Amino acid sequence: AQSVTQLGSHVSVSEGALVLLRCNYSSSVPPYLFWYVQYPNQGLQLLLKYTSAATLVKGINGFEAEFKKSETSFHLTKPSAHMSDAAEYFCAVSMNRDDKIIFGKGTRLHILP
Amino acid sequence: DSGVTQTPKHLITATGQRVTLRCSPRSGDLSVYWYQQSLDQGLQFLIQYYNGEERAKGNILERFSAQQFPDLHSELNLSSLELGDSALYFCASSVGGTDGRTTEAFFGQGTRLTVV
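Chains as they are written, first to last, in my numbering: chain X, 437 to 549; chain C, 1185 to 1300.
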């Protein structure tokens, strides 16, 4: 069965510093991969998705992620953190035969002034 | 605004009761998903419907059931409620891939269920 593992339930970075949120997936076939963001008391919003086209995917709010098949990873990065980036981030995967989207446990990003 | 509408936004009910959560998907979306989000379990996939038919089942309790109606809205029914059912319940919708691969899901704002 497909799954994703997010390393680190909490990540803290200083404002202006690089943001790196890690996600590894488990899949027997090429997956669809997603990053979602959840702000307090809100639903999940799609940041970006990988659909087997370009391995480097650009999303909203300056985020991007790179699909690395050899490492089974899909880490999320942003060059310069902003206070407004403080939120919970979820990596997710969906498969070919089975359309359900499975989420990781989430990483809460804290931005330090 | 994702275009997915969930009602009600908040629900407080007593143990043993039954509630119904409603979801209207984005216009044109055929797939509806239900998720439960709690502090200890994270975001758990419950069930998916595609064009009125059950497509996939996750960690959904037997006390819970769902359906998707001809107009594509969906309802999640939770019965014999327990304190542990208190959580945020999300509905999401997607177009539903014709080749068996899904596209991204768009989430509603959720229904916060509190069982007292």
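All C-beta atoms in this analysis are idealised placements derived from N, C-alpha and C, irrespective of residue type, glycine included. Since the structure is predicted, the reported quantities are computational estimates derived from the model, not experimental observations.
By the DSSP assignment, the beta strand (DSSP E) with N1261 of chain C in it spans what residues? Translated into the one-based positions of the second sequence, residue 1261 of chain C becomes position 77. Here the beta strand (DSSP E) through N1261 of chain C covers S1258 to L1262.
Shortest alpha-carbon distance to Y472 of chain X belongs to which of X:M519, X:H546 and X:L512? The residue given as residue 472 of chain X occupies position 36 in the first sequence. Just measuring C-alpha positions, the residue of X:M519, X:H546 and X:L512 sitting nearest Y472 of chain X is X:L512.
Could you check whether the segment 443-451 of chain X touches the segment 1262-1269 of chain C, counting it as contact only if at least three pairs of C-beta atoms, one from each stretch, sit closer than 8 Å? Contact between the segment 443-451 of chain X and the segment 1262-1269 of chain C is absent, with fewer than three C-beta pairs closer than 8 Å.
Specify the secondary structure class of K1193 of chain C as computed by DSSP and reduced to three states. Position 9 of the second sequence, counted from the first residue, corresponds to residue 1193 of chain C. Of the three classes helix, strand and coil, the one that applies to K1193 of chain C here is coil, per DSSP.
Find out if the Cβ-Cβ distance for the pair I538 of chain X, V440 of chain X is shorter than 8 Å. On the first sequence, position 102 is the one that residue 538 of chain X refers to. On the first sequence, position 4 is the one that residue 440 of chain X refers to. Closer than 8 Å, so yes.
Mind checking if S1292 of chain C is an interface residue toward chain X, Cβ cutoff 8 Å exclusive? Along the second sequence, one-based indexing puts residue 1292 of chain C at 108. In the sequence on display, residue 1292 of chain C carries Gly and not Ser. Yes, G1292 of chain C counts as interfacial toward chain X.
Report buried or exposed for G542 of chain X, applying the criterion of at least 16 other Cβ atoms within 10 angstroms of its Cβ. Along the first sequence, one-based indexing puts residue 542 of chain X at 106. Here G542 of chain X is buried. Its C-beta has 16 or more other C-beta atoms within 10 Å.
Excluding the 5 residues flanking S1249 of chain C on each side, which residues of the same chain have their C-beta closer than 6 Å to its C-beta? Start at 1 with the first residue of the second sequence, and residue 1249 of chain C comes out as number 65. Contacts found: N1261.
Identify which residue in X:K505, X:N497 and X:R544 has its Cα closest to the Cα of P466 of chain X. Within the first sequence, numbered from 1, the residue matching residue 466 of chain X stands at position 30. P466 of chain X has its Cα closest to that of X:K505, out of X:K505, X:N497 and X:R544.
CB-CB length for L456 of chain X against F526 of chain X, believed under 8 Å: For the purposes of this step, residue 456 of chain X is taken as the residue at position 20 of the first sequence. For the purposes of this step, residue 526 of chain X is taken as the residue at position 90 of the first sequence. Rounded, the Cβ-Cβ distance is 16 Å, inconsistent with contact.
Does DSSP put R533 of chain X in a helix, a strand or coil? Numbered from its first residue, the first sequence carries residue 533 of chain X at position 97. Only weak support exists for where R533 of chain X lies, its pLDDT of 43 falling under 50; the coordinates are left without a value.
For Q478 of chain X, go through chain C and note every residue whose CB falls closer than 7 Å to its CB, in chain order. For the purposes of this step, residue 478 of chain X is taken as the residue at position 42 of the first sequence. Within 7 Å Cβ-Cβ: Q1293.
So S1258 of chain C and R1239 of chain C are in contact, right, with Cβ under 8 Å, and what is the actual spacing, rounded? Taking the first residue of the second sequence as position 1, residue 1258 of chain C is located at position 74. Taking the first residue of the second sequence as position 1, residue 1239 of chain C is located at position 55. Not really, about 12 Å apart at Cβ, beyond 8 Å.
Between E500 of chain X and the ligand SAH, is the CB less than 7 Å from at least one heavy atom? No copy of the ligand SAH appears in this structure; indeed no ligand is present at all.
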